[in-house]
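So the number in my numbering is just where the residue sits in the sequence shown, counting from 1, plus 2.
Just so it is clear, CB atoms sit at the ideal spot from N, CA and C, and this is done for glycine as well.
All values reported here derive from a predicted model rather than from experimental measurement.
All remarks here apply to the structure that follows.
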Amino acid sequence: MFYKNQLSRRSFIALAGATGAGVLAGCSKPDKPPEDPTTAIEILARQHGVICRAVAILEEIKGGMDAWMDLPPEVIGGTVEMVHLFVIAHHQQLEEKHVYPVFDVDKKVSGLVGVLREQHTAASQLIEILRGLCRGFSVKDLEKRRAMASAIHMFCRMYRAHAAREDTALFTLLRPMMTPKAYAELSSGILRAEAEFLGQNGFDETIRKLTDYENILGIGDLASFTPNPEELR
Ligand SMILES: [Fe+2]
Ligand SMILES: [Fe+2]
């Protein structure tokens, strides 16, 4: 007889049943796709990465204008429009709707959040000014060039400090002050807002555009940023 005794036969049946159920469960399609485990801070960090690259492009444009270089107008206008769309219309709105209100309940960092909100307004105004200057821009128009260089300088100087404070003095507080459930809801809310605003491949498309502009300006290769300290000797 195959089964040594009744007990082992029962055990086998029970085991087979359990395994079978497991196999079936493994083969069946889940009702809904698994939740994206990307967290709020990860999403905000990668958006700040986009902003950091856009700031580097703007500074490269300003450097080129200061040096009287002939810059492709489509790169200037394209970068400004990208910043308008990604930073002003998307990233800032997302923070104002989903992130800053978390800190409005506990007033400990209300001073910082107040300054961050004011800086969003200043950033919107600077980008609007830049959009206006880009219309009919001519490299020979000295006044426009000066105004554009000043606006780029003001935007980049402020935004670098702004994003760095958010990363080190605000976002780091998010997780400890929220329950795991509230943090998971915040993360999925931010992820959903990003998908709705940028579309399915919107983030990749933004990176592709950034890369194109970086390549045109000669800063597409990360190694191009590496200095040679030997030059200082
Ligand atoms: Fe912000
Ligand atoms: Fe931010």
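Please list the terminal residues of the continuous alpha helix (DSSP H) segment that includes residue i.
i      : result
GLU216 : 204-219
LYS146 : 144-167
PRO182 : 182-200
VAL45  : The question names Val, but residue 45 in the sequence shown is Ile. 42-68 is the span of the alpha helix (DSSP H), which, as asked, contains ILE45.
VAL107 : 102-107
Taking only three categories from DSSP, how would you classify residue i?
i      : result
PRO35  : Its pLDDT being 49, under 50, PRO35 is placed unreliably in this model, and the coordinates cannot settle the point.
SER140 : coil
LEU172 : helix
GLY79  : helix
GLY134 : helix
MET179 : helix
ARG119 : helix
LEU224 : helix
MET71  : coil
PRO229 : coil
Do residue j and residue i come within 9 Å of each other at the CB atom, strictly closer than that value?
i      : j      : result
LEU46  : PHE157 : no
HIS92  : ALA165 : no
LEU118 : ALA195 : no
MET236 : TYR215 : Any question about residue 236 goes unanswered here, given that the chain covers just 3 to 235.
ILE129 : ILE78  : no
LYS100 : LEU188 : The amino acid occupying residue 100 in the given sequence is His; Lys does not appear at that position. Against a cut-off of 9 Å, the Cβ pair of LEU188 and HIS100 comes out as a contact.
HIS86  : ARG48  : no
LEU212 : VAL52  : yes
LEU135 : ALA171 : no
TYR185 : THR41  : yes
VAL141 : ARG147 : yes
ARG167 : CYS54  : no
THR228 : PHE88  : no
What residues in its chain sit with their C-beta under 7 Å from that of residue i, if we drop five residues either side in the sequence?
i      : result
ALA151 : LYS64, MET67 and ASP68
HIS122 : GLN94 and GLU98
LYS110 : none
PRO74  : ILE218
GLU62  : LEU219 and ILE221
Within the present structure, is the beta-carbon of residue i separated from the nearest heavy atom of ligand 3 by less than 8 Å?
i      : result
GLU145 : Judged by which ligands are present, ligand 3 is missing from the structure shown, whose ligands are ligand 1 and ligand 2.
Go through its chain and collect everything with a Cβ distance to residue i's Cβ below 6 Å, but skip five positions before and after it.
i      : result
ILE154 : LEU60 and LYS64
Quick one: what's got a C-beta closer than 8 Å to residue i's C-beta in the same chain, skipping five residues either side?
i      : result
TYR102 : VAL115, LEU118 and ARG119
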